[in-house]
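The structure appears right after this line, and notes come after that.
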Amino acid sequence: MTGVRETPHYGPLRERLKSGGTVILDGGIGTEILRRDVTWADHQVIDRPTVVRAIHRDYVEAGADVISTNTFQLTRRALYNHFRDEAHRKQIGAEDLDTRAERLLRAAARLAVEERDAAANGRPVAVAGAITTLEWCFRPDLAPTPEQARKEYVETIGTLADAGCDLVLIETVNSVSEAKVALEAANQVGLPCWMAFAPTEDGKLFTGETLADAEGALEPLGVDAILVNCAPPDDCRAGLVELAKVRPGAKGLYPHIGRFDPPEWLFTDEYPPDRYAAEAVMWRDLGATVIGGCCGTTPETIAAVVQALRT
């Protein structure tokens with residue numbers, strides 16, 4: 013295993029977490045692009061970079077300590093899955109598919125890093141390269157073999173590290189086995205890792221495994237934080253309660269608000285920023301040291317959380 017690096021942007025935040033302080037993660041990226049009346053197709057890091065830049069800047073100015081790249085489900089595998097097989101891809105697919113994922117990953121990381129540098133005003137703000145499971149994040153039964161997964165995670169995380177990310181955020185994870193492989197890949201690359209699991213309504217993983225299982229598997233490998241995400245606030249709270257029973261280290265949550273309406277997001281109004289911020293205070297009291305937002309949350313949501321937690 014290579015040594016895990018610590019950048020000047022992430023180092024102070026890591027120390028804050030070690031001392032029990034709170035670190036604020038940003039909110040939704042893909043859904044925020046949609047909310048601004050732009051399709052999320054191609055992640056928009058090439059075609060509409062000003063939209064993505066503005067979102068990153070808004071989260072920094074809202075007070076987020078960590079902003080995430082617009083790279084969810086942006087992998088070579090995700091592109092290839094649209095085709096029957098390699099021959100079919102070469103027959104009808106665009107000519108740049110073999111290099112597109114890396115190009116977009118690098119472009120997305122660059123946008124986040126540049127906006128962080130422009131807007132942070134000397135405040136430590138880290139850029140997290142955001143990725144998810146290699147297959148659909150709500151379907152653990154589709155996962156590739158550990159050997160294949162390790163190779164693909166090393167490729168993707170290595171690209172994000174080389175492009176300037178301070179840590180990798182592996183989110184909406186559905187099983188302990190894939191989480192372990194992904195963390196081992198991050199260690200091989202040398203990038204600090206936060207691992208976020210999608211919880212069920214009773215605070216378990218989709219495989220039926222528990223967050224105690226996750227803690228037992230990941231803590232010996234040096235995970236920096238274990239989180240729950242991409243579920244309603246009540247479900248994430250249930251996961252946090254279970255996590256707090258077994259994990260003394262950094263832990264937290266970033267729920268979604270609204271509902272998934274394939275292929276896009278359905279925005280609802282049951283969690284306006286003030287209500288979400290009030291929930292965040294309760295999450296902190298339950299032991300959360302990392303708090304942010306997932307799909308449907310906005311810079312206004314994060315600004316309200318910052319105000320509630322730091323006053």
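Numbering (the working numbering), first residue to last: 13 to 323. For glycine and all other residues, C-beta sits at the position ideal for the given N, C-alpha and C.
- As a beta-bridge residue in DSSP terms, A208 pairs with L239.
- In this chain, G75 is not harboured by any alpha helix (DSSP H), its DSSP state being neither H nor E.
- DSSP places I58 in the coil class of the three-state scheme, outside both helix and strand.
- Leaving aside the five residues that flank A175 on each side, the residues in its chain whose CB is nearer than 7 angstroms to its CB run, in chain order, L117, R118, A121 and R122.
- Note on geometry: alpha-carbon atoms of C149 and I143 lie some 10 angstroms from one another.
- Membership of Y22 in any alpha helix (DSSP H) is not indicated, and neither H nor E is assigned to it by DSSP.
- With fewer than 16 other Cβ atoms from the protein chains shown falling within 10 Å of its own Cβ, A99 counts as exposed.
- Collapsing the DSSP output to three states places D273 in a strand.
- If you draw a straight line from the Cα of L179 to the Cα of W206, it comes to about 8 angstroms.
- Out of A113, S189, L181 and A237, the CA that lies nearest to the CA of R28 is found in A237.
- One Cα belongs to P24, the other to G33, and the distance between them is close to 11 angstroms.
- When only Cα atoms are considered, E254 and E183 end up about 18 angstroms apart.
- Contact between Y283 and V317 is ruled out by a C-beta separation of about 11 angstroms, above the 8 angstroms threshold.
- From the listed residues L265, D214, T222 and A74, the smallest Cα separation to T301 is found for L265.
- Look at the beta carbons and you see the stretch 40 to 48 not touching the stretch 215 to 233: under three pairs across the two are nearer than 8 angstroms.
- In the three-state reduction of the DSSP assignment, A140 falls in the strand class.
- Nearest to A130 by alpha-carbon distance, out of R69, V185 and P136, is R69.
- For I182, the uninterrupted beta strand (DSSP E) segment begins and ends at L179 to V185.
- Around the beta carbon of E276, fewer than 16 other beta carbons lie within 10 angstroms, which makes this residue exposed.
- One thing to note: C307 has its Cβ within 8 angstroms of the Cβ of G270.
- Contact between the stretch 195 to 212 and the stretch 228 to 236 is present, with at least three C-beta pairs closer than 8 angstroms.
- Residue range V188 to V201 is occupied by the alpha helix (DSSP H) that includes K192.
- Counting along the chain, the unbroken beta strand (DSSP E) around L265 starts and ends at K263 to Y266.
- The alpha-carbon of T19 is positioned some 44 angstroms away from that of Q103.
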